[in-house]
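For reference, the structure is listed below as structure tokens.
Residue numbers (full-length UniProt numbering): 1 to 121.
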């Protein structure tokens, strides 16, 4: 008796589905558990962080840390150094080098990242 390819594929798919169901259980039982965190997180609003105005609490700290250091030459040189050193080390460990490039880029753009990221209140 000749078996066609579609019957073989269907039998293999049924076998794999039975193995997955035996190993991981039914997905229907996990749906209510996954729905609760999604409903809780979905109901919260996000608002952007704003820079403090002059004369408010901790403005001097924000001014020195963000405006003078991160936006200034210290943040730019630190971010550029991280990118260059990561690019040099890319042949040894490309995963760490990619992390260094992302970190250096985040350091260069830290001022806009701080004010543009949403914060769950």
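Glycine included, each C-beta is placed from N, C-alpha and C at the ideal position.
Asked                                                                                                                                                           : Found
Is DSSP giving residue 21 helix, strand or coil here?                                                                                                           : helix
First and last residue of the alpha helix (DSSP H) that includes residue 108?                                                                                   : 94-108
Please classify residue 14: is it buried, with 16 or more other beta-carbons within 10 angstroms of its beta-carbon, or exposed?                                : exposed
Does residue 8 come out as helix, strand or coil in the three-state DSSP assignment?                                                                            : helix
Please classify residue 99 as buried or exposed, where buried requires at least 16 other C-beta atoms within 10 Å of its C-beta.                                : exposed
In three-state DSSP terms, what is residue 120?                                                                                                                 : Annotation note: pLDDT 43 at residue 120 (below 50); position unreliable, coordinate value reported separately. Strand.
Sorted by chain position, which residues of the same chain lie with C-beta nearer than 6 Å to residue 83's C-beta, five sequence neighbours on each side aside? : 101 and 104
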